[in-house]
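S.K.: Chains as they are written, first to last, in our numbering: chain A, 149 to 471; chain B, 49 to 339; chain C, 56 to 443.
C-beta atoms are modelled at their ideal positions from N, C-alpha and C, and glycine is treated no differently.
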Amino acid sequence: MNIRKFITPRSLGLVVLGVLAALPAFANNYWLFVGNLTLVYIALTVGLNLLIGYSGLLAFMNGTLFGVGAYATAIFRVDFSWSYGLAIPLAAVLTMVIGVIVALPALRLSGLYLALATVAFAQFILWVLLHWDRVTRGPSGIQVPQVDYAPLTDSFEHGHYYVTLVVACIIVWLTANLLRSRYGRAFVAVRESEVAAESIGIDLTRYKTLAYAVSALYAGLAGGLFAPLLGIVVPESFDLSQVIVQFAMVTVGGLGSIAGSVIGAIGLVWLQEFLRAFKELQEVAFGGMILLTILFFPGGISAMLKHWFPGWREPLRRRFLDQ
Amino acid sequence: MLPYLLISGLTSGALYAMVAIGLVVVYRSTGHINFAHGELFMIGGFLAYSMITMLGFPYLLSLVLAVPLSFCLGVICDRVVFRPLMNAPGTTLVLATVGLSYLLKGVGRYIWGGKGEYISIKAIVDPAPFLVWGMPVLPQQLIVFAAAMLCMMGFLAFFRWTIAGKMMQATAESAFASYLVGIRVERVYTWTWGVGAAVAGVAAVLMAPLTLLTPDIGSGLLIKAFAATILGGLGSMSGALVGGLLVGLCESLVGGYIDSSLQEVAAFIIIMIVLVFRPSGLFGAYGVRRA
Amino acid sequence: MKRFQVSSAALTIGLLLGSAGSSAAEVGVTDTEILIGALGVLTGPLYNNGKTIYDGVETVYNEVNAAGGINGRKIRYVREDDACKPEQAIPAVKKLIFEHKVFMIHGGGCSNASLAAMPDIVKAQVPWVITASTAPQLTDPVNPRIFTTMLAGWMETAGQLQRLIDTGAKKIAIVRQRDAWAESRYKPLLDSFAQAGRKPVLDEEISADPSDATGVALKLQAAGVDGVVAVLFPKAATVMIRDMYKIGYKPLVVGGSAIGDVKAMDQAIGIRGALDNFQALSPTKSATDPSMAQWKAKVKKYYPQDEFQTWHMFGIASGQFMVEGLKRAGRDLTRDGLAKALNGLSVSSDAYAGPISCAAENHQCYRSMAWFSFINGDIKEMGLTQLK
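Quick look at the structure:
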């Protein structure tokens, strides 16, 4: 069947983009919110994949940095009275800086140790968010106003959705280009074998730090867009389950595949909404779905797509090898 | 005040050590961390609760029965989750066990959830505190402490002197080489999962009178167990025990002398400090493993 | 062909968009049914507080339906989970309002989640009767369509402090958790201290899920504290009281509604006599009150897996209040009509210690607190405080 040749990451991406762009036209308020949430998660997942999938760095700080971005935006907007147009980018930069600072001691760790260290760090930051009353307002969090998109549109929901869509698209496009460049090849080299990478002159520190910085920037941006979407920034939004969900999105979508991350993000956000029907059994259903997906598609959805559609080619995607 | 804090630190440390020991058993044999270990603990405890309240079994009998029941649960998990993914990349396995933990937590919530804020199980002896060197201790805490020591010594002996123990270490070193020398690697893994789960189940039954079972105790205890194993050195059994006790002591002393709000975060700070400065921990047997 | 496809697509879209809006009757009300939504925690560590309350509410609704309904309509109660987090609360409430299209919302557990959901509820002008959230911003300033049948957090802590002062405690300390629930009570508690001309001798924090609280107990003992205001949930309170008993320290501990189920506390601590110097308040009557026997049976009938707890009584009381309000709003049921009916309503529920009554300027509809202690294996009622 010839049509299989036409299903490539690019074509599928354009279709997805089309659907997402048209969503506000036929979605009610509820689906619009879910769509907006999906876009935020796409930004997060692509960033996390850069760390875990491409660079092989099991760093689970993404949920925390997401929170840092959200809190920074809230503080800039509410305490300093800056506009969102200023608050969000600056918060993203701040998150990037913090991400890099934290990454420095983490550079020496790998594998399980890195994972556990970042998990501990995440819990520590959660404690700080909860206790640093003067800055973060502690458990009650910070209430933030909606963004005023006045000249463009009266509806906050629509305006915010499109802004998030544009940001998500830029992130996806930037990452794709980054990975096609020598930076991408360096990331993969670091992942496959640090020793071999060093031996051909790749500065491990530089590239690892770059990976941490880029994913932190994305997480900060996502956090900045997340804050006004919810209207309130509280510590419990950024606990361990946050990064677990992101991790699930990356893995189910396919490690080392941007298209996989996008699919994973969309899939899991909508899965969680779909699982509402299970009421109290949501956790069982969620855990079960994750398990089933992994058991049947250990390489993730992008591996499955690669298997079915010969035209599906992605640069430097992680292959599912026997280990 | 100091002696009180020390005793309470040691007793809660023994709790963490018991959970950590089960975690280390699985790690030592398979080279993987089971992120659902906390939930295996939780289910084991609830199964014991059901036996005690619904079937009316005495506590000791439930404790004894918890072993084979948890063992079976561990074996099921191995067959369903671990075995099919034995050759998958490490991260996939991590996510699989995380997914398993959600599943088990949800199941636990569904079956035993509506019973109350927490489940209480009567302690093995009269729970009134008695004095040890002039300091009050709850008898159940001493039992947990003793059990943790027994477990650790038992496993140390097992790993050092029995063939089965050596086989388990071999499979962690290199599954491939183990195949070559005729070790039935899958069998060893299954047994390991069973044993790890059994330890968790026993720990739960012993600890239940102290910590009060809820479906969510798994994740909190798991992190403390991580702190214990990392402090003691990943893969070291005695490290798990010592690490657990030290984590308990740190929490207690920090909470008592510095600020009570720091008690819950002490474990995380320990993990971070250890990993940055001495990743191999106190008894670091295997050094810093690569992914 | 193409034009036909385009215009039929446009027609379908138009119909879908159009049907989302108007209808003759009130939203969520049909000839035979009233659709009521429940927003609350169904999963996560606090699920027990959520599920049991809604089970209580739904028991009342089921009974009313069995008896013929309200003005000829049956109530359908649909629950959506907020997992106690804002990012779940918002889609949950949006689903209730825009997908299920409920007539009103009867629920609300975790404060942060409820606060996050509030803007959507206010914007859609959906009536909301709150069953458990105690954040003061929900009912102050008063919104014409938002009511609460639960005690306010500040009432509880003011009552707790007053109780300690009345029994002659000289050195009073605060022991609290670090979450939004405790936070909303902590600040008013400090105000209450200031108003009484006192300062807390110590202000300690325990994790919500501790394995050991000996350090805190020792500190309190060393400072000679004889009265403790416990702003804690059952798990932390149990561990704290047990460890106090362990070191032989027995101050008067006064707890809020979260630990009002003194019998459950006793079972959890497991040491007879540990609660001898303990009192807690509850909006409810004692669970052993004769009027609750029939309700226990009814809850058991609909939810056999539940063990009857004080939380069910929260739901039963709120449910009875709601049923009365819906009846008064009449057959011609509108959201505005319901809000008006609730404004002057006063209901004496089987489960609550005092009446639930709302006034136009005060939607904090419940203001009575019963005090309980557990002595010699029995729940003992110690008194009743009723605020204006």
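(1) Under 8 Å: do the region 391-402 of chain A and the region 411-421 of chain A share three or more Cβ pairs, one atom per stretch?
(2) Taking C-alpha atoms, which residue in Ala-406(C), Thr-293(C), Asp-110(C), Leu-273(C) lies nearest to Pro-265(C)?
(3) What three-state label does DSSP hand Asp-433(C) in the structure shown?
(4) Is the Cβ of Pro-174(C) closer than 8 Å to any Cβ of chain A?
(5) Closest by CA to Gln-473(A), which one among Thr-156(A), Gly-286(A), Tyr-309(A)?
(6) Suppose you measure from the CA of Gly-286(A) to the CA of Val-148(C); what does that come to, to the nearest Å?
(7) Helix, strand or coil: how does DSSP classify Tyr-132(C) here?
(8) How many Å lie between Pro-338(C) and Val-393(A) at the Cα?
(9) To the nearest angstrom, how far is it from the Cα of Phe-288(C) to the Cα of Leu-439(C)?
(10) So is Lys-274(C) in contact with chain B if we call contact Cβ pairs under 8 Å?
(11) So with CB distances below 8 Å, who are the chain A contacts of Asp-8(C)?
(12) With distances taken between CB atoms, is the gap from Gly-408(A) to Ile-449(A) smaller than 8 Å?
(13) Considering only residues of the same chain and omitting the five flanking positions on each side of Ile-406(A), which have a CB-CB separation below 8 Å?
(14) May I ask you to report which of helix, strand or coil DSSP gives Met-49(B)?
(15) Between Glu-87(B) and chain C, is the shortest Cβ-Cβ distance under 8 Å, so that the two count as touching?
(16) Tell me the DSSP bridge mates of Asn-417(C)?
(17) So Ala-277(C) packs on Lys-226(C), CB below 8 Å; how close in whole Å?
(18) State the DSSP-derived secondary structure class of His-455(A), mapped to helix, strand or coil.
(19) Residues bridged to Ala-285(C) by DSSP?
(20) Can you tell me where the alpha helix (DSSP H) with Val-194(A) in it begins and where it stops?
(21) Run down chain A in chain order and give the residues with a C-beta less than 9 Å from the C-beta of Ser-60(B).
(22) Give the DSSP-derived three-state secondary structure of Thr-219(B) in the structure shown.
(23) Output, in sequence order along the chain, the residues in the region 422-433 of chain A whose CB is closer than 8 Å to any CB in chain B.
(24) Give the range of the beta strand (DSSP E) segment to which Gly-368(A) is assigned.
(25) Can you tell me where the alpha helix (DSSP H) holding Asp-221(C) begins and where it ends?
(26) At the level of alpha carbons, what is the spacing between Ala-384(C) and Asp-110(C)?
(27) Jot down the residue ranges of each uninterrupted alpha helix (DSSP H) in the region 82-113 of chain B, minimum 4 residues, whole runs only, in chain order.
(28) Report the three-state DSSP secondary structure of Pro-132(B) (helix, strand or coil).
(29) Might you give, ordered along the chain, the residues of its own chain that have their beta carbon closer than 6 Å to the beta carbon of Ala-144(C), omitting 5 neighbours on each side?
(30) Does DSSP put Pro-184(B) in a helix, a strand or coil?
(31) Helix, strand or coil for Asp-246(C), going by three-state DSSP, please let me know.
(32) Output needed in chain order: residues of the region 102-119 of chain C with a Cβ under 9 Å from some Cβ in chain B.
(33) Beta-carbon within less than 6 Å of Val-250(A)'s beta-carbon, same chain only, minus the 5 sequence neighbours each way: which residues are those?
(34) Taking only beta carbons into account, state which residues of the region 165-180 of chain A come closer than 7 Å to chain C, listed in chain order.
(35) Can you list, in chain order, the residues of the region 302-317 of chain B whose Cβ is nearer than 7 Å to any Cβ on chain C?
(36) Can you tell me the Cβ-Cβ gap for Phe-429(C) and Met-320(C), rounded? I've got them flagged as a contact below 8 Å.
M.R.: Concretely, from the data shown:
(1) Verdict: yes, contact present.
(2) Thr-293(C)
(3) strand
(4) yes
(5) Outside the modelled stretch of chain A, which goes from 149 to 471, sits residue 473(A), for which no answer is possible.
(6) 25 Å
(7) DSSP places Tyr-132(C) in the strand class (E or B) of the three-state scheme.
(8) 38 Å
(9) 22 Å
(10) yes
(11) Residue numbering for chain C in the displayed model covers 56 to 443; residue 8(C) lies beyond these limits and cannot be assessed.
(12) yes
(13) Pro-157, Val-194, Asn-197, Val-320, Thr-323, Ala-324, Leu-327, Glu-462
(14) coil
(15) Any Cβ of chain C closer than 8 Å to the Cβ of Glu-87(B) would place that residue at the interface, and such an atom is absent.
(16) Ala-414(C)
(17) The pair is not a contact, with the Cβ atoms about 11 Å apart (cut-off 8 Å).
(18) In the structure shown, His-455(A) adopts helical secondary structure according to DSSP, grouped into three states.
(19) Val-230(C), Gly-310(C)
(20) 177-197
(21) The premise fails here: Ser-60(B) is roughly 18 Å from chain A at the closest Cβ pair, so nothing lies under 9 Å.
(22) helix
(23) Glu-428, Leu-429, Gln-430, Glu-431, Val-432, Ala-433
(24) Gly-368(A) -> not in any beta strand (DSSP E); alpha helix (DSSP H) instead, spanning 352-378.
(25) Asp-221(C) -> alpha helix (DSSP H) spans 208-221.
(26) For Ala-384(C) and Asp-110(C), the distance between alpha carbons rounds to 24 Å.
(27) 85-101
(28) helix
(29) Asp-137, Ala-168, Ala-171, Ala-172
(30) strand
(31) helix
(32) Tyr-102, Asn-103, Asn-104, Lys-106, Thr-107, Asp-110
(33) none
(34) Phe-174, Asn-176, Asn-177, Tyr-178
(35) Residues are counted here when their Cβ sits less than 7 Å from a Cβ of chain C; for the region 302-317 of chain B these are Gly-303, Gly-304, Ser-308, Ser-309, Gln-311, Glu-312, given in chain order.
(36) 7 Å
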